[in-house]
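J.:
Residue numbers (the working numbering): 44 to 300.
Shown next, in the form of structure tokens:
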């Protein structure tokens, strides 16, 4: 009996294609601007914003866990809330607790490795190709929440502490993402390892790109504001999710990159 027959569930997560990465970068960039909108622009603060956004993440996760198959709006809503919550959690650690970006990123890197190691010991795999059981899905979302939080800390470190600035940080991370894509296409490096490397990297890319859009020009940003940037990114994300939903209902799967 197949695992799908045994659990009554189909694959619960998005297929990893070029469209997946484009949507993920959009969601993580919106997570940066949205998190800043709540914690900074609206003066809610990092601690309370983190509690609110973690609560929202858990609420939407209930619907994701209750689904029997992949639903693009629910799936990407969970991705977005992990990214938004990750922004405020990282900022709370690095700024409110005064850990600093480097120390915060190190702690989160260790946390991510612990989640992945526990997942591997429990399931003998950390592959994201088929997420069909509740336990595996919980590992999946725990790893995504931690990786998106880690990505925020890395992005802030590159843009603020490294001296690269927002454009330099985004360019460096963009180059590393392209390197991971090249490795996927032309080498035999483990595909699961490359997925998690790319997944972590797309978050600091979103963080630095989000900061580039929102920060004042005297800080190297474009001064578009968190509200305006979030609205534009939200519209793009909704469009991408609608396209994904239509394609899924038509039974047309995107071509692998």
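The C-beta atom is built at its ideal place from N, Cα and C for all residues, glycine as well.
#1: Can you tell which of 138, 201, 244 and 165 has its C-alpha closest to the C-alpha of residue 180?
#2: Under three-state DSSP, which class holds residue 230?
#3: In or out: residue 136 buried (at least 16 other Cβ within 10 Å) or exposed?
#4: Hey, residue 202 and residue 217 are a contact pair by Cβ (cut 8 Å); roughly how many whole angstroms apart?
#5: When the Cα atoms are used, what is the spatial distance from residue 226 to residue 233?
#6: Measuring CA to CA, which of 221, 224, 208 and 278 is closest to residue 260?
#7: Mapping the DSSP letters down to three states, classify residue 298 as helix, strand or coil.
#8: Span of the alpha helix (DSSP H) holding residue 86?
#9: Confirm, please, whether the CB-CB distance from residue 69 to residue 265 is below 8 Å.
#10: Considering just the uninterrupted stretch of the alpha helix (DSSP H) at residue 71, what are its terminal residues?
#11: Alpha carbon to alpha carbon, how far is residue 141 from residue 282?
#12: Hey, would you say residue 187 sits closer than 8 Å to residue 122, going by beta carbons?
#13: Is the Cβ-Cβ distance between residue 190 and residue 242 less than 8 Å?
#14: Please specify which runs of the alpha helix (DSSP H), each continuous and at least 4 residues long, are wholly inside the region 119 to 177, giving them in chain order.
#15: Just the C-alpha distance for residue 127 and residue 249, rounded to the nearest angstrom, thanks.
#16: Using the beta-carbon count (16 or more within 10 Å), is residue 256 buried or exposed?
#17: Pop quiz: residue 84 and residue 278 are said to be a contact at Cβ under 8 Å. What is the actual Cβ separation, rounded to whole angstroms?
T.: Let me spell this out:
#1: 165
#2: coil
#3: buried
#4: Between residue 217 and residue 202 the Cβ distance is about 13 Å, and since that is not below 8 Å, they are no contact.
#5: 10 Å
#6: 208
#7: For residue 298, the predicted model reports a pLDDT of 42, less than 50, meaning its position is unreliable; a value from the coordinates is still stated below. Residue state, collapsed to three classes: coil.
#8: Note, residue 86: premise wrong, no alpha helix (DSSP H); not H, not E.
#9: no
#10: Per DSSP, the unbroken alpha helix (DSSP H) holding residue 71 starts and ends at 61 to 79.
#11: 38 Å
#12: yes
#13: yes
#14: 144 to 166
#15: 11 Å
#16: buried
#17: Not a contact, Cβ separation roughly 19 Å.
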